[in-house]
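> In our numbering, the protein residues as written are 228 to 378. Think of the CB as a built atom: it goes at the ideal place given N, C-alpha and C, for glycine as much as any other residue. Take this structure, written in structure tokens, and hold onto it; I'll ask about it next.
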Amino acid sequence: MSAHKRPVSVLVLIHTPELQVLLLERASHAGYWQSVTGSQEAGESLLETALRELAEETAITATADDLLDWKVTNTYEIFAEWRHRYAPGVLYNTEHVFSLQLPAVQPISIAPGEHVDYCWLPWREAAAKCFSWSNRDALLMLPERIAQPGC
228 MSAHKRPVSV LVLIHTPELQ VLLLERASHA GYWQSVTGSQ EAGESLLETA
278 LRELAEETAI TATADDLLDW KVTNTYEIFA EWRHRYAPGV LYNTEHVFSL
328 QLPAVQPISI APGEHVDYCW LPWREAAAKC FSWSNRDALL MLPERIAQPG
378 C
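As structure tokens, this is what we get:
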């Protein structure tokens with residue numbers, strides 16, 4: 228088993244039918260707001276990674292049928308401060324986008340040490356608050372994606 232993170236991750240947008248979006252504030256960076264994210268572990272499918280990260284970061288339990296796989300990937304440069312988590316020479320991560328629609332805004336349990344706060348915001352406000360361009364862009368596509376889930 229490798230001590231390094233795999234440069235493959237998931238982004239899970241959590242939203243209501245009215246497009247209220249859940250954001251989490253990173254513990255390591257005040258003001259860094261994001262959707263659920265996390266790296267794929269050895270032997271996991273991307274769907275399993277998304278379900279695990281969802282449960283770990285929010286305590287929301289979902290099934291494979293609850294998640295929508297957007298079949299969208301983003302490749303981005305890993306921030307220099309986080310590169311030590313990856314094997315030497317790994318500079319890029321490939322992120323796979325999923326979403327989960329909940330019936331309504333609900334309280335969640337954040338992962339201690341990983342996040343310090345959460346909020347629910349309308350999708351445009353949530354997109355503007357995200358520090359990550361890939362998270363922002365996915366949120367801006369959210370209305371179209373849920374209108375046409377087969378895309």
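Which word fits HIS242, buried or exposed, when buried means at least 16 other C-beta atoms lie within 10 angstroms of its C-beta?
By the neighbour-count rule (16 or more Cβ atoms within 10 Å), HIS242 is buried.
> Assign ALA277 to one of two classes, buried (16 or more other C-beta atoms within 10 Å of its C-beta) or exposed (fewer than that).
Buried, since its Cβ has 16 or more Cβ neighbours within 10 Å.
> Using only the alpha-carbon positions, how far apart do ALA254 and TYR345 sit?
The straight-line gap from Cα to Cα measures roughly 11 Å.
> Which ranges does the alpha helix (DSSP H) cover as unbroken runs of at least 4 residues, wholly within the region 327–357, from first to last along the chain?
Here the runs fully enclosed are 350–356.
> Which of helix, strand or coil does DSSP assign to ARG363?
In the structure shown, ARG363 sits in a helix (DSSP, three-state: H, G or I).
> Assign HIS231 to buried or exposed, taking buried as 16 or more other Cβ atoms, counted over all protein chains shown, within 10 Å of its Cβ.
The residue in question, HIS231, is exposed, as its Cβ has fewer than 16 Cβ neighbours within 10 Å.
> Spatial neighbours of SER361 within its chain, please: C-beta separation below 7 Å, excluding the five flanking residues on both sides.
Excluding sequence neighbours, SER361 sits near LEU238, ASN301, TYR303, GLU322.
> So is GLY265 buried or exposed if we call it buried at 16+ other beta carbons inside 10 Å?
Buried.
> When the Cα atoms are used, what is the spatial distance from PRO244 to LEU329?
Approximately 7 Å between the Cα atoms of the pair.
> How about SER326 and ILE373: do their beta carbons lie closer than 9 Å?
Yes. Within cutoff.
> Nearest CA to the CA of TRP260: which residue from ARG310, GLU268, LEU240, PRO234?
When only C-alpha atoms are compared, the closest one is LEU240.
> What three-state label does DSSP hand THR276 in the structure shown?
Here THR276 sits in helix by DSSP.
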